[in-house]
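Take the position in the sequence shown, starting the count at 1, then add 65; the result is the number in the working numbering.
All C-beta atoms in this analysis are idealised placements derived from N, C-alpha and C, irrespective of residue type, glycine included.
Predicted model, so just to flag it, every value in this text is computed and none were measured.
Reading through the structure tokens given below for one structure.
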Amino acid sequence: MPTCENCGSFVTAEYVRVFAPNGMENPRVCPNCEDKVRDGADVREARATRH
Numbered sequence: 066m067p068t069c070e071n072c073g074s075f076v077t078a079e080y081v082r083v084f085a086p087n088g089m090e091n092p093r094v095c096p097n098c099e100d101k102v103r104d105g106a107d108v109r110e111a112r113a114t115r116h
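Take a look at the structure:
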């Protein structure tokens with residue numbers, strides 16, 4: 066079962082296929098992460114928390 070490497074939340078295989086780099090089984094961040102965001106190919110600290 067794929068999980069987010071940052072927060073440990075469950076993510077679907079489809080989410081991994083679309084948002085994780087090729088060859089990775091778990092994404093680096095997910096929509097549940099309040100402290101990180103995807104910024105193109107990079108992951109960065111969120112400027113503001115999300116709820």
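Whole-angstrom distance between residue j and residue i, CA atom to CA atom
i	j	result
ASN71	ALA78	17 Å
CYS69	VAL102	12 Å
ASP107	GLU99	16 Å
GLY88	GLU110	24 Å
SER74	CYS95	8 Å
ASP104	ASN97	15 Å
Distance CB(residue i)-CB(residue j) smaller than 8 Å
i	j	result
PRO67	VAL81	yes
PRO86	VAL76	no
| query | Residue ranges of each alpha helix (DSSP H) run of no fewer than 4 residues wholly in the segment 75-105, ordered along the chain? | reply | 78-84
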